[in-house]
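Asker: Numbering (the numbering used here), first residue to last: 133 to 296.
Yeah, the Cβ is synthetic: ideal placement off N, Cα and C, and Gly gets one too.
Have a look at this one:
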């Protein structure tokens, strides 16, 4: 067993096709290429955010990895592509078979053209906060200085999120 030196939290989502199968395949790929999955949330369902389409299924994972943030981003983007994702835009919401977002990487802050850490909108979205709260309620957001539980309590998002 390897000794991994970094902790990352990821959010996986799907709202096309066999959504649970896409998520299961993504989890397997992450486990085999990115590091060890420490814990995984339940499946959380939510309405599409920013447009109308089939409901999303999301889950959060805690990952131990030796990959740098940039290497982890490249690895997750390759997994998305392998699972049928054709494009990833940052300014438009759209249906997709799989979406993998890096929410946190250790407690670092980072802003490059390709990656912003922590994820800049995670605290605004219940479909992100609720799965994350299930696996890391006491993790402190390194910019907002609130725990995930506090972010959930203070959320102004009125989007409905539910577990199966």
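Just how far apart, CA to CA, sit residue 166 and residue 289?
Answerer: Distance between the alpha carbons of residue 166 and residue 289: 31 Å.
Asker: One question on the structure: do residue 240 and residue 264 come within less than 7 Å of each other, judged by their Cβ atoms?
Answerer: For residue 240 and residue 264, no; Cβs fall outside 7 Å.
Asker: What is the residue span of the alpha helix (DSSP H) that residue 159 lies within?
Answerer: Residues 151-165.
Asker: Counting only the same chain and skipping the five closest in sequence on each side, list residues whose C-beta sits under 8 Å from that of residue 174.
Answerer: Closer than 8 Å at the Cβ level, and outside the excluded window around residue 174, lie 191, 263, 266, 295, 296.
Asker: Among 197, 247, 193, 236, whose alpha-carbon lies nearest the alpha-carbon of residue 255?
Answerer: Out of 197, 247, 193, 236, 236 has the C-alpha closest to the C-alpha of residue 255.
Asker: Would residue 140 and residue 205 qualify as a contact pair, given that the criterion is a beta-carbon distance under 7 Å?
Answerer: Cβ distance not < 7 Å, so residue 140 and residue 205 don't count as in contact.
Asker: To the nearest angstrom, how far is it from the Cα of residue 177 to the Cα of residue 259?
Answerer: Distance between the alpha carbons of residue 177 and residue 259 is about 8 Å.
Asker: For residue 270, count the other beta carbons within 10 Å of its own beta carbon; 16 or more makes it buried, fewer makes it exposed. Which is it?
Answerer: With fewer than 16 other Cβ atoms within 10 Å, it is exposed.
Asker: Please report the distance separating the alpha-carbon of residue 273 from that of residue 250.
Answerer: Near 8 Å, if we compare the C-alpha coordinates of residue 250 and residue 273.
Asker: Under the three-state reduction of DSSP, which class applies to residue 172: helix, strand or coil?
Answerer: Strand, per DSSP.
Asker: When we look at the beta-carbon of residue 137 and count the other beta-carbons within 10 Å, is it buried (16 or more) or exposed?
Answerer: Residue 137 is exposed by the Cβ-count criterion.
Asker: Looking only at its own chain, which residues have a Cβ that is under 8 Å from the Cβ of residue 161, when we skip the five neighbours before and after it?
Answerer: Same-chain partners within the cutoff: 211, 214, 215.
Asker: Suppose the cutoff is 8 Å on Cβ atoms and the five residues either side in sequence are ignored; what does the same chain contact list for residue 242 look like?
Answerer: Here the set comprises 201, 248, 249.
Asker: Give me the Cα-Cα distance between residue 168 and residue 293, rounded to the nearest whole angstrom.
Answerer: Answer to the nearest angstrom: the Cα atoms are 27 Å apart.
Asker: Would you mind stating whether residue 229 and residue 145 have Cβ atoms separated by less than 7 Å?
Answerer: Not closer than 7 Å, so no.
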